[in-house]
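Q: The numbering of the sequence shown is UniProt numbering, which starts it at 1 and goes up by one.
Ideal Cβ positions, reconstructed from N, Cα and C, are used throughout, including at glycine.
Submitted below is the structure of interest, expressed as structure tokens.
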Amino acid sequence: MDEENKDIPAVEDDPKVVDQQEERNPNYTYFDEIYKMFLSMVDDYTFDGVDDEVLDKILFDYFDGARQMFINFLPCDMYDADMDEKHFNFKMVRYDMTLLAKAMKLEWVRSKEYSEELMTKSIGDRDYNAIQGYPLLKELRNTDKQLTKEINIMRQRREYGQADLLGEMVTGG
Numbered sequence: 001m002d003e004e005n006k007d008i009p010a011v012e013d014d015p016k017v018v019d020q021q022e023e024r025n026p027n028y029t030y031f032d033e034i035y036k037m038f039l040s041m042v043d044d045y046t047f048d049g050v051d052d053e054v055l056d057k058i059l060f061d062y063f064d065g066a067r068q069m070f071i072n073f074l075p076c077d078m079y080d081a082d083m084d085e086k087h088f089n090f091k092m093v094r095y096d097m098t099l100l101a102k103a104m105k106l107e108w109v110r111s112k113e114y115s116e117e118l119m120t121k122s123i124g125d126r127d128y129n130a131i132q133g134y135p136l137l138k139e140l141r142n143t144d145k146q147l148t149k150e151i152n153i154m155r156q157r158r159e160y161g162q163a164d165l166l167g168e169m170v171t172g173g
């Protein structure tokens, strides 16, 4: 260690970091791994002003809606999870994690879309357009369609790559 940094403890010397690393089982996928992927896909500054507990609840709601989309499509049981420790009881492949994060983004877009639709109904189309100044609702709908298409393509690629799910169709038996 050089002279300048001798008083700064190394990361491995920090008991909080060491404890957190020891608690992580490499055979599990933790929800926050997927949350981080989701958060990197969206720009929502309302998440910045929210405390961690509320943010965790919001993220879990998107996550829970997203995992319901894949009950029959992924080889793993999306409900085989430890809710107290906030992890799946298996390790997901990166592709499935990305798929789940995109589905969370779709849930997020749909919640924004629903909110804008309610706003339109409550104040009227003309007033809504005057307030917004641009077609936000139209953009949200287009994003919804695009994300749905991307998720379906990813899901199909994942399904057709799994001989155990397709059975005799793949093996020709």
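1. Check for me: the alpha helix (DSSP H) holding residue 46 runs from which residue to which?
2. In this structure, does DSSP put residue 73 in helix, strand or coil?
3. Can you name, in chain order, every residue of its own chain whose Cβ lies under 6 Å from the Cβ of residue 90, other than the five neighbours on each side?
4. Find the nearest neighbour of residue 161 within the set 105, 73, 42, judged by alpha-carbon distance.
5. Can you give the beta carbon distance from residue 140 to residue 105, rounded, assuming they're within the 8 Å contact cut?
6. DSSP on residue 156, reduced to helix/strand/coil?
7. Using 8 Å as the cut-off, can you tell me whether the region 26-40 makes contact with the region 92-104, which would need three or more C-beta pairs spanning the two stretches below that distance?
A: On the basis of the data shown:
1. In the sequence shown, counting from the first residue as 1, residue 46 sits at position 46. From DSSP, residue 46 is part of no alpha helix (DSSP H); its letter is neither H nor E.
2. On the sequence shown, residue 73 is found 73 positions in, with the first residue counted as 1. Here residue 73 sits in coil by DSSP.
3. As a first step, residue 90 must be located in the sequence shown, where it is residue number 90. 76.
4. In the sequence shown, counting from the first residue as 1, residue 161 sits at position 161. Out of 105, 73, 42, 73 has the C-alpha closest to the C-alpha of residue 161.
5. Within the sequence shown, numbered from 1, the residue matching residue 140 stands at position 140. Within the sequence shown, numbered from 1, the residue matching residue 105 stands at position 105. Contact flag wrong, Cβ pair sits at about 12 Å.
6. Indexing the sequence shown from 1 puts residue 156 at position 156. Residue state, collapsed to three classes: helix.
7. yes
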